[in-house]
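Input: a single structure, listed below in structure tokens.
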Amino acid sequence: MNRDADVRVRQELFAELAGEPDCRVLALWNGKTLMSGDALALFPADAAASAELLFYLGRTTEPGSNAAVNAPVLAAVLSDDEAAAIEPDPDRWVSLRESGDSLGDADSALMTAAVALANWHASSPHCPRCGATTEPELAGWARRCPACQNQIFPRTDPAVIVLVLDGDDRLLLGSNVLWPEGRYSLLAGFVEAGESLEHAVCREIAEEAGVKVEDPRYLGSQPWPFPRSMMLGFSAQVAAGRNPDDLQPDGEEIVDLRWFSREQLRKEAGTLLLPGQTSIARHLIDAWLVADGGGDLDESARAAASAIAPA
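If you count by our numbering, then the sequence shown holds residues 27 to 337, one letter each, in order.
The following block contains the structure:
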């Protein structure tokens with residue numbers, strides 16, 4: 027998507043965009059939206075006429091969503107009554123977690139930006155300087171305090187998520203105290219104030235697993251608007267001279283830690299609860315898993331299920 031940021035300063039921007047025949051609206055209710063097949067359901071401009079909150083996401087740059095190329099797309103945050111007028115069945119409204127697997131790049135960009143902005147607006151109704159009620163401006167990409175004129179922009183919380191490997195190229199996965207039994211993923215944590223990303227990688231792994239790591243290398247990122255995170259993917263190696271089996275889960279967040287070879291992970295893929303396909307954790311695990319020329323988690327899970335299925 028083209029975020030088209032230069033036009034956000036226009037006072038009558040929403041009216042201008044709504045006047046374009048191709049203008050479309052992404053309806054949001056409690057962080058959820060509607061689908062049309064495997065694409066976002068986008069509505070004509072009049073669907074936003076009475077929305078609680080409106081912001082301009084930008085223009086589409088490729089086909090694939092229910093909008094023409096270069097169509098302006100608005101996001102409308104709806105009240106319960108407004109949402110029911112569009113779709114009264116609450117089960118038809120789906121979250122980004124539920125729809126992410128099926129969304130194409132264009133729709134994923136629209137939905138992620140919409141959810142991130144909606145979450146930020148919901149959490150920032152008051153000025154952090156004086157406490158006065160703030161008002162949206164810049165087409166929904168900022169808020170202004172009318173009392174002290176402080177301008178507030180959306181905040182993103184950086185978090186590192188780490189593919190930890192030992193000298194035998196085994197992968198470290200952990201289980202969080204809040205997760206159901208059998209669910210494992212990469213270790214992750216928020217970057218602290220004044221901390222570099224590389225230091226955060228080393229600190230988080232030491233705190234959660236009791237393992238000293240080195241050589242953190244950036245692999246990629248994923249916006250994660252739950253409510254406003256940016257997941258920054260890294261790999262790291264167990265430090266030279268350290269025993270990788272001296273694992274010490276912190277007991278507060280991480281209750282179990284396991285090393286997996288590729289063969290072990292493929293063998294257990296049908297029984298472990300592993301990260302969903304929408305997550306960068308799954309992407310990093312799959313990338314490591316196929317580095318030996320074998321299959322990814324989906325192929326491994328299917329093979330494991332087939333092996334234990336009754337004849």
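The C-beta atom is built at its ideal place from N, Cα and C for all residues, glycine as well.
From a predicted model like this one, the values you see are computed outputs, not experimental measurements.
**Study point:** Contiguous alpha helix (DSSP H) assignments of at least 4 residues, all confined to the segment 282 to 311
**Key:** Listed in chain order, they are 288 to 294.
Review point. What whole-angstrom Cβ distance do residue 213 and residue 232 have, given they're in contact under 8 Å?
Key: Translated into positions along the sequence shown, residue 213 becomes position 187. Translated into positions along the sequence shown, residue 232 becomes position 206. Contact doesn't hold; Cβ gap of about 10 Å is too wide.
Point to revise | residue 244 classed as buried or exposed, judged by whether at least 16 other C-beta atoms fall within 10 angstroms | key: Indexing the sequence shown from 1 puts residue 244 at position 218. Exposed, since its Cβ has fewer than 16 Cβ neighbours within 10 Å.
Check your understanding: Quick one: what's got a C-beta closer than 7 Å to residue 108's C-beta in the same chain, skipping five residues either side?
Key -> Here the question's residue 108 lines up with position 82 in the sequence shown. The beta carbon of residue 108 sits closer than 7 Å to the beta carbons of 76 and 77 from its chain, once the five residues preceding and following it are set aside; these are given in chain order.
Review point. Cα-Cα, which of 152, 289, 303 and 81 is closest to residue 320?
Key: Your numbering for residue 320 matches position 294 in the sequence shown. Of the candidates 152, 289, 303 and 81, the one whose C-alpha sits nearest the C-alpha of residue 320 is 289.
Review point. What residue ranges within the segment 107 to 185 form continuous alpha helix (DSSP H) runs of no fewer than 4 residues, ordered along the chain?
Key: Every alpha helix (DSSP H) of 4 residues or more that sits fully in the segment 107 to 185 is shown, in chain order, as 122 to 125 and 131 to 149.
Exercise for review: Could you round the C-beta distance between residue 375 and residue 200 to whole angstroms and report it? I think they count as a contact, below 8 Å.
Suggested key: Shown here, the chain extends from 27 to 337; a query on residue 375 therefore has no answer.
Review point. What number of angstroms, rounded off, separates the C-alpha of residue 46 from the C-alpha of residue 285?
Key: Numbered from its first residue, the sequence shown carries residue 46 at position 20. Numbered from its first residue, the sequence shown carries residue 285 at position 259. Near 56 Å, if we compare the C-alpha coordinates of residue 285 and residue 46.
Practice item. Note the first and the last residue of the continuous alpha helix (DSSP H) segment covering residue 252. Key: Within the sequence shown, the letter at position 226 stands for residue 252. For residue 252, there is no enclosing alpha helix (DSSP H), as DSSP marks it with neither H nor E.
Exercise for review: Could you round the C-beta distance between residue 101 and residue 83 to whole angstroms and report it? I think they count as a contact, below 8 Å.
Suggested key: Here residue 101 corresponds to residue number 75 of the sequence shown, with the count starting at 1. Here residue 83 corresponds to residue number 57 of the sequence shown, with the count starting at 1. About 5 Å; that satisfies the 8 Å criterion.
Review point. Is the distance from the Cβ of residue 196 to the Cβ of residue 254 below 8 Å?
Key: Taking the first residue of the sequence shown as position 1, residue 196 is located at position 170. Taking the first residue of the sequence shown as position 1, residue 254 is located at position 228. No, these two residues do not count as a Cβ contact at 8 Å.
Point to revise | Nearest to residue 179 (by Cα), restricted to the options 118, 162 and 185 | key: Numbered from 1 along the sequence shown, position 153 holds the residue referred to as residue 179. Among 118, 162 and 185, the Cα nearest to that of residue 179 is on 162.
Check your understanding: Is residue 268 helix, strand or coil by DSSP?
Key -> In the sequence shown, residue 268 corresponds to position 242, counting from 1. Residue 268: coil per DSSP, three-state reduction.
Check your understanding: Can you tell me the Cα-Cα spacing of residue 152 and residue 86, whole angstroms?
Key -> In the sequence shown, the residue the question calls residue 152 occupies position 126. In the sequence shown, the residue the question calls residue 86 occupies position 60. Residue 152 and residue 86 have their alpha carbons spaced roughly 32 Å apart.
Review point. Is residue 159 buried or exposed, if buried means 16 or more other CB atoms sit within 10 Å of its CB?
Key: Stepping through the sequence shown from its first residue, residue 159 is reached at position 133. Its Cβ having fewer than 16 others within 10 Å, residue 159 is exposed.
Point to revise | Pair within 8 Å by beta-carbon distance, residue 81 and residue 146 | key: Walking along the sequence shown from the start, residue 81 turns up at place 55. Walking along the sequence shown from the start, residue 146 turns up at place 120. No.
Review point. So what's residue 229 in DSSP terms, helix, strand or just coil?
Key: For the purposes of this step, residue 229 is taken as the residue at position 203 of the sequence shown. Note: residue 229 maps to helix in three-state DSSP.
Practice item. Take residue 186 and list the residues in its own chain whose beta-carbon comes closer than 7 Å to its own, dropping the five residues that flank it on each side. Key: Walking along the sequence shown from the start, residue 186 turns up at place 160. The answer, listed in chain order, is 214, 215, 217, 223, 226, 227, 230, 258 and 260.
**Study point:** As assigned by DSSP and simplified to three states, the class of residue 72
**Key:** Position 46 of the sequence shown holds residue 72. In the three-state reduction of the DSSP assignment, residue 72 falls in the helix class.
Review point. My guess is that residue 60 and residue 71 are in contact by the Cβ rule of under 8 Å, so how many angstroms apart are they, rounded?
Key: The count along the sequence shown starts at 1 and reaches residue 60 at position 34. The count along the sequence shown starts at 1 and reaches residue 71 at position 45. 16 Å between Cβ atoms; not a contact.
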